[in-house]
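Accompanying notes for the structure given below.
2 protein chains.
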Amino acid sequence: MKRARRSIIRRDTATDLASIFQVMADTTRLRIISLLAEGELCVCDLAAALDMTQSAVSHQLRVLRIMQLVKFRKEGRIAYYSLDDDHVLELYVLGLDHLKHTSSAAGDEPDAG
Amino acid sequence: MKRARRSIIRRDTATDLASIFQVMADTTRLRIISLLAEGELCVCDLAAALDMTQSAVSHQLRVLRIMQLVKFRKEGRIAYYSLDDDHVLELYVLGLDHLKHTSSAAGDEPDAG
DNA sequence: TGAATATATGAACGCATAGTCATATATTAA
DNA sequence: TTAATATATGACTATGCGTTCATATATTCA
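Note that the protein sequences, when read in sequence, are chains A and B. Following the working numbering, the residues of the first sequence are numbered contiguously, the last one being 137. Following the working numbering, the residues of the second sequence are numbered contiguously, the last one being 137.
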């Protein structure tokens, strides 16, 4: 190898990439993704399943929406959210895979409620 | 579908998973990973390539070390760091892939220096 | 119309953290 | 030993962010 000046990514690419991981780097957002993995849900059902306030969930959905990880359709006054991209699930699954191989914290018992 | 009580991951699993993405969610750490992707480097070479202080780089290497994304060997007073896990690169590559498919910010010109 | 429901959002608070600075440890050279 | 080099780390500061609270908007029901 030559110097230390090898295949470093551009600063802005690294920043953009960091943004993607940043969105996945929150417990609440990951739990939302795990719920939406099987289909759409409205905000109130998400809030109930997560045992969190509607406001907190809505704020996180906004983050996921802006980063285009989720989309939503509106039916009357109800907003149904769903995953917008397969890459999200790929990252999610790969992350879980990493968890299983490195730690022993990846349990198998769900805790919805 | 039944209620909103579907396949949600455990809270602590989500927390652990969030930790993994959290480590990848920093520009400096991603640039370090991109540099180590081709082989080991010492701290001073990393600092030079990143154009950052030795202290800042060392702090981030500590984070990467604690999360077991990098390992190091010591040769005299020089510490050579390298990636510790293939999952890291998989996540890194998958993230880059996601970038290319969703935005146009993923350039191809490196910016080392 | 007015009340209730579903969602969105701005402000504020508290906490986590990336980088700086100073310094400690360890190794090599003189 | 002393000086210089390579790295690690604790304290501090500034910034970012997740949640709460209050409130705004929109829709449905009476």
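Quick reminder that beta carbons are idealized off the backbone N, C-alpha and C, glycines included. Computed from a predicted structure; not experimentally measured.
{"Query": "So the candidates are B/Val94, B/Lys124, B/His122, B/Glu99; which of them puts its Cα closest to the Cα of A/Thr126?", "Result": "B/Val94"}
{"Query": "Along chain A, in chain order, which residues have C-beta atoms closer than 7 Å to that of B/Phe45?", "Result": "Phe45, Met48, Ala49, Gly119"}
{"Query": "Name the chain A residues that come within less than 9 Å of B/Leu115, Cβ to Cβ?", "Result": "Phe45, Leu115, Leu118, Gly119, His122"}
{"Query": "If you compare alpha carbons, which of A/Ile33, A/Arg53, A/Ala42 is closest to A/Tyr116?", "Result": "A/Arg53"}
{"Query": "Assuming A/Leu70 contacts A/Leu107 (C-beta within less than 8 Å), just tell me the rounded distance between them.", "Result": "So it is not a contact: roughly 13 Å between Cβ atoms."}
{"Query": "Given a cut-off of 7 Å, decide if A/Arg55 and A/Leu85 are closer than it, judged by their beta-carbon atoms.", "Result": "no"}
{"Query": "Can you find a C-beta in chain A that's less than 7 Å from the C-beta of B/Ala136?", "Result": "Residue placement at B/Ala136 is poorly supported in this model, since its pLDDT is 41, which falls under 50; the coordinates still yield a value, given next. Chain A contact via Cβ: present."}
{"Query": "Since B/Tyr104 sits in a beta bridge, which residues does DSSP pair it with?", "Result": "B/Cys66, B/Arg97"}
{"Query": "Only counting the same chain, and skipping five residues up and downstream in sequence, which positions put a Cβ closer than 7 Å to that of B/Ile102?", "Result": "Cys66"}
{"Query": "Could you tell me if A/Ile90 is buried or exposed, where buried requires 16 or more neighbouring beta carbons within 10 angstroms of its beta carbon?", "Result": "exposed"}
{"Query": "Excluding five sequence neighbours on each side, which residues of the same chain lie with their C-beta closer than 8 Å to the C-beta of B/Lys26?", "Result": "Confidence at B/Lys26 is low in this model, with a pLDDT of 41, below 50, so its placement is unreliable and the value that follows should be read with caution. Correct list: empty, nothing qualifies."}
{"Query": "Assuming B/His111 contacts A/Asp121 under a Cβ cut-off of 8 Å, what Cβ separation, rounded to an integer in Å, is found between them?", "Result": "7 Å"}
{"Query": "Under 9 Å between beta-carbons, which chain A residues line up against B/Leu54? List them in chain order, please.", "Result": "Ile33, Thr37, Ala38, Thr39, Leu41, Ala42, Phe45"}
{"Query": "Comparing C-alpha positions only, which one of B/Ile57, B/Thr39, B/Ala42, B/Arg34 sits nearest to A/Arg34?", "Result": "B/Ile57"}
{"Query": "Considering only residues of the same chain and omitting the five flanking positions on each side of A/Glu99, which have a CB-CB separation below 7 Å?", "Result": "none"}
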